[in-house]
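Heads up, the sequence shown is in this note's numbering, so the first residue is 98 and it goes up one at a time.
Just so you know, even glycine gets a beta-carbon here, dropped at the ideal spot from N, CA and C.
Note that the coordinates shown come from a computational prediction; the quantities given were computed from them, not determined experimentally.
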Amino acid sequence: DLVRLLRGRGIRVALDTSGEPLRAALSARPSLLKPNRHELEQVLGHPLGSSAAVLEAARRLLDQGIAEVILSDGESGAWFVTPEGALHARPPRIDVRSTVGAGDALVAGALSAHLRGLPPAERARFATASSLVALTRAPSDRFDPARHAAFCAQVEVTAA
Numbered sequence: 098d099l100v101r102l103l104r105g106r107g108i109r110v111a112l113d114t115s116g117e118p119l120r121a122a123l124s125a126r127p128s129l130l131k132p133n134r135h136e137l138e139q140v141l142g143h144p145l146g147s148s149a150a151v152l153e154a155a156r157r158l159l160d161q162g163i164a165e166v167i168l169s170d171g172e173s174g175a176w177f178v179t180p181e182g183a184l185h186a187r188p189p190r191i192d193v194r195s196t197v198g199a200g201d202a203l204v205a206g207a208l209s210a211h212l213r214g215l216p217p218a219e220r221a222r223f224a225t226a227s228s229l230v231a232l233t234r235a236p237s238d239r240f241d242p243a244r245h246a247a248f249c250a251q252v253e254v255t256a257a
């Protein structure tokens, strides 16, 4: 209901949720949707075994009126899918200290990159690096811009 209310007022909505809230929100068409693979598989009712299946599922969400889908896929990275195309951001190997806030950091990084006017590949790189910072620090540590910049240089972004 909240997504519909906000969209009705012309406000763009980014949504990161799972389970029934995710299922209910699909029909409200948030501007940006960020499920992880497991969450999307649960909503669809079947596994997404291949990269092609992941992309097809994301493109079906676009067909339903969602403007952008960011699908996080663990160590494999994340998929950034819009009507203009699809990108895959592959992170470097890291030592994970905590997964707390990694998805939130991915969304925050994507929104920050968008507000900065970065082109799609750089948005994907920036957002993925934001998630990597969250994964490699203790939850109580402060954000480190130098670490973020270093991760940006290591994230590989390719067209899918």
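Three-state secondary structure assigned by DSSP to residue i
i	result
residue 109	coil
residue 173	helix
residue 204	helix
residue 225	helix
residue 252	coil
residue 199	helix
residue 242	helix
Residue of the options minimising C-alpha distance to residue i
i	options	result
residue 129	105, 98, 155	155
residue 194	114, 178, 228	228
residue 134	249, 101, 171, 100	171
residue 109	208, 250, 238	208
residue 149	249, 124, 168, 239	168
residue 142	192, 117, 106	117
residue 113	190, 200, 181, 140	200
residue 255	225, 190, 105	225
residue 202	111, 107, 103	111
residue 238	197, 146, 206	197
Integer-rounded CB distance, given that residue j should sit under 8 Å from residue i
i	j	result
residue 220	residue 211	6 Å
residue 176	residue 257	7 Å
residue 136	residue 159	The Cβ separation is near 17 Å, so there is no contact.
residue 132	residue 163	Their Cβ separation, rounded to whole angstroms, is 11 Å, which puts residue 132 and residue 163 out of contact at 8 Å.
Close Cβ partners of residue i (< 8 Å) along its chain, the five nearest in sequence each way excluded
i	result
residue 152	176, 178, 183, 257
residue 181	217
Cβ neighbours of residue i in the same chain (closer than 6 Å, five flanking residues each side left out)
i	result
residue 187	174, 253
residue 101	125
Cβ neighbours of residue i in the same chain (closer than 7 Å, five flanking residues each side left out)
i	result
residue 249	222, 223, 226
Which ranges would you report for the alpha helix (DSSP H) in the stretch 107 to 195 if only whole runs of at least 4 residues count?
116 to 123, 134 to 141, 148 to 160
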